[in-house]
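Undergrad: Dropping the structure in here first, questions after.
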Amino acid sequence: MMSRTDRATRRGPDARLFTLWTEVAVAYLAPALTAGLGGFFSGQPELTKAACTSIGATSAVVAFIVGAWLHRRGRPRRWTTSAPRPLLAIGLGIVAAGIAGLTGVLASDWLPSHTSVPDAWWLERLRFDLPLSAALAAAIVTWRWRGMTPRQQA
Numbered sequence: 230m231m232s233r234t235d236r237a238t239r240r241g242p243d244a245r246l247f248t249l250w251t252e253v254a255v256a257y258l259a260p261a262l263t264a265g266l267g268g269f270f271s272g273q274p275e276l277t278k279a280a281c282t283s284i285g286a287t288s289a290v291v292a293f294i295v296g297a298w299l300h301r302r303g304r305p306r307r308w309t310t311s312a313p314r315p316l317l318a319i320g321l322g323i324v325a326a327g328i329a330g331l332t333g334v335l336a337s338d339w340l341p342s343h344t345s346v347p348d349a350w351w352l353e354r355l356r357f358d359l360p361l362s363a364a365l366a367a368a369i370v371t372w373r374w375r376g377m378t379p380r381q382q383a
């Protein structure tokens with residue numbers, strides 16, 4: 230059985246392997262730390278709280294879903310490896326933002342009127358936090374995945 234370093238060495242010195250759990254961890258930590266510190270230093274406690282919840286969690290979930298879909302048991306779809314890297318990253322970022330934006334709008338309107346969840350400040354943040362976090366996470370994971378996957382001709 231070939232080890233991870235042997236496979237990377239065989240493909241060249243700059244070859245890296247796509248590891249989903251590290252992508253998900255970075256997708257959570259990077260926005261959570263930056264938004265959390267931004268909220269702390271600017272005196273916005275609601276941003277600090279959102280950094281660890283709606284911002285970081287959304288990024289991690291989207292990174293997991295997009296990364297798992299792209300990687301698909303190590304066999305990428307042909308069109309994802311033949312499409313230009315910027316086009317693929319922007320396209321999946323837009324799709325993720327659209328789905329997350331719809332989710333944010335529905336959650337911020339539906340939850341207070343249909344559940345015992347009170348209409349709170351964090352529900353309004355979902356309209357902005359979810360699509361922005363989803364778009365960034367999807368685009369970054371796609372960009373990184375595509376950089377680690379050999380290009381195939383269509």
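So the sequence shown is numbered by this note's numbering: it starts at 230 and just counts up by one.
Each residue gets a CB set at the ideal place from its N, CA and C atoms; glycine is no exception.
1. Tell me which residues share the same chain as Val291 and place their Cβ nearer than 6 Å to its Cβ, disregarding the 5 neighbours each side in the sequence.
2. Going by alpha carbons, who is nearest to Ala297 out of Thr248, Ser342, Glu275?
3. For the ligand FMN, is there any heavy atom lying closer than 6 Å to the beta carbon of Gly330?
4. According to the neighbour-count rule (16 or more other Cβ atoms, all chains shown, within 10 Å of its Cβ), is Gly272 buried or exposed?
5. Determine the closest residue to Ile323 out of Arg307, Val295, Tyr257, Pro341, with distance taken between C-alpha atoms.
6. Measuring alpha carbon to alpha carbon, tell me which of Ser288, Ser345, Thr309 ends up nearest Glu252.
7. With distance defined between alpha-carbon atoms, name the residue in Gly285, His300, Gly330, Leu352 nearest to Pro379.
8. Tell me the rounded alpha-carbon separation between Ser311 and Ser342.
9. What would DSSP say about Phe270, mapped onto helix, strand or coil?
TA: Well, looking at it:
1. Ala325, Ala363, Ala366, Ala367
2. Thr248
3. This structure does not include the ligand FMN; it has no bound ligands of any sort.
4. exposed
5. Val295
6. Ser288
7. His300
8. 46 Å
9. helix
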